[in-house]
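Here the structure comes first, spelled out in structure tokens, and everything after it is commentary.
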Amino acid sequence: MTPLSVYILTYNSERHLEKVLSAAKRAADDLLIVDSGSSDATLAIAAKHGARIAHRTFDNFRAQRQFANSLCMHETVMFFDSDEIASDALIDEIAALKDAGFVHDAYAVRREWVVMGRLVHALMPVSCPDYPIRIYRRDTLHYSGHTVHETLMGHTSGGRIESPLIHHTFETKTELMHKLDLYTDLAATDLAHRTESVAVLRLKGWLSPLGAFLKWYIRKGNIRDGRVGLMLAFYASAYTRRKYREALVLRYRD
């Protein structure tokens, strides 16, 4: 049997963590929480489920994941977000893979997105369902250079798991706005360090928000998600507008 380390990044994650860990620990031979300063019941829930707990001040997602990766005890690693609940079918499939041995360097897992209680067709930057890599060999893969929407890269062979992971995100409009603040700050930093000129950034800052709305509402399918879908299309537009605006501020500051 191949042992599996499972890690989860947390910050005031008590809402779903009980269910997340109840499922995750059924797959894990090593269960790790990397927390960035929770003040709610997150750490108590983690301790209740027997997780190892490490602490790191949050700066960006890539660095946080690299830190968690370095602390895992086994070469094969799986990770969940703190609001992703593995289905029973997914846990069963992982158990079968552990028994048979993982033949690929990386495995993408089907992820369904639930926003404000509704299963949606898209949430910028992904169509739903999407298939992020969630199981991988530590000695083979590395993270992309992006500080937000970071991606695992470098695998030579990959598998796909259709048993779903259910991602519960954005329970309220307030949470949506909070994520908008966090993600645009990180994305603007990446954008400001690209080689595009100020003129190009300014032009894209005018044109891209409308393009983002139309892309996600019409082409990606948010039009089928009712009021929630309309809200998510406006989120895509606002995210795009703000990241260019903030990138310009950073560029002028430098």
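Each residue of the sequence shown is one higher than the one before, starting from 1 at the first, in UniProt numbering. Even glycine gets a Cβ: it sits at the ideal position worked out from N, Cα and C. Predicted model only: the values in this text are computed from it and were never measured.
First and last residue of the beta strand (DSSP E) that includes residue 164? Element bounds for residue 164: 158-169.
Helix, strand or coil at residue 5 according to DSSP, with G and I counted as helix: If DSSP states are grouped into helix, strand and coil, residue 5 belongs with the strands.
Tell me whether residue 209 is buried or exposed, calling it buried when 16 or more other Cβ atoms sit within 10 Å of its Cβ. Residue 209 counts as buried, since no fewer than 16 other beta carbons sit within 10 angstroms of its beta carbon.
Alpha helix (DSSP H) segment containing residue 56, residue limits: Element bounds for residue 56: n/a, residue is neither H nor E.
Residue 40: first and last residue of the uninterrupted alpha helix (DSSP H) it sits in: Run containing residue 40: none; DSSP gives neither H nor E here.
To the nearest angstrom, how far is the alpha carbon of residue 125 from that of residue 92? Roughly 29 angstroms between the two C-alpha positions.
Expected contact under 8 angstroms - CB spacing of residue 157 and residue 150 to nearest Å: A Cβ-Cβ separation of about 21 angstroms leaves residue 157 out of contact with residue 150 under the 8 angstroms criterion.
With a threshold of 16 other CB atoms inside 10 Å of the CB of residue 62, please say whether the residue is buried or exposed. Residue environment for residue 62: buried (at least 16 other C-beta atoms within 10 angstroms of its C-beta).
Nearest-angstrom Cα distance between residue 104 and residue 69? One C-alpha to the other measures close to 18 angstroms.
By how many angstroms is the C-alpha of residue 89 removed from the C-alpha of residue 17? Take the alpha-carbon of residue 17 and the one of residue 89: they are about 19 angstroms apart.
Excluding five sequence neighbours on each side, which residues of the same chain lie with their C-beta closer than 8 angstroms to the C-beta of residue 64? Once the five neighbours on either side are set aside, the close Cβ partners of residue 64 are 9, 34, 36, 56, 58.
If you follow the alpha helix (DSSP H) that residue 27 is in, where does it begin and where does it stop? Annotation for residue 27: the continuous alpha helix (DSSP H) segment containing it runs 14-27.
So for residue 259, helix, strand or coil by DSSP? Residue coverage of the chain in this structure runs from 1 to 254, which leaves residue 259 outside it and unanswerable.
Do you know offhand how far residue 135's Cα is from residue 142's? Each residue's Cα considered, the two are about 13 angstroms apart.
From residue 240 to residue 2, what distance separates their C-alpha atoms? Each residue's Cα considered, the two are about 42 angstroms apart.
Keeping to the same chain, check which residues put their C-beta closer than 8 angstroms to that of residue 185; ignore five residues upstream and five downstream. Cβ neighbours of residue 185 beyond the five flanking positions: 246.
For residue 97, which option in 171, 83, 78 has the closest C-alpha, if you only look at C-alpha atoms? Proximity to residue 97 across 171, 83, 78 peaks at 78, based on C-alpha coordinates.
Here's a check: name, in chain order, each residue in its chain whose Cβ is nearer than 8 angstroms to the Cβ of residue 118, leaving out the five neighbours to either side. By the criterion of a C-beta distance shorter than 8 angstroms, residue 118 is surrounded in its chain by 225, 226, 228, once the five residues flanking it on both sides are discounted.
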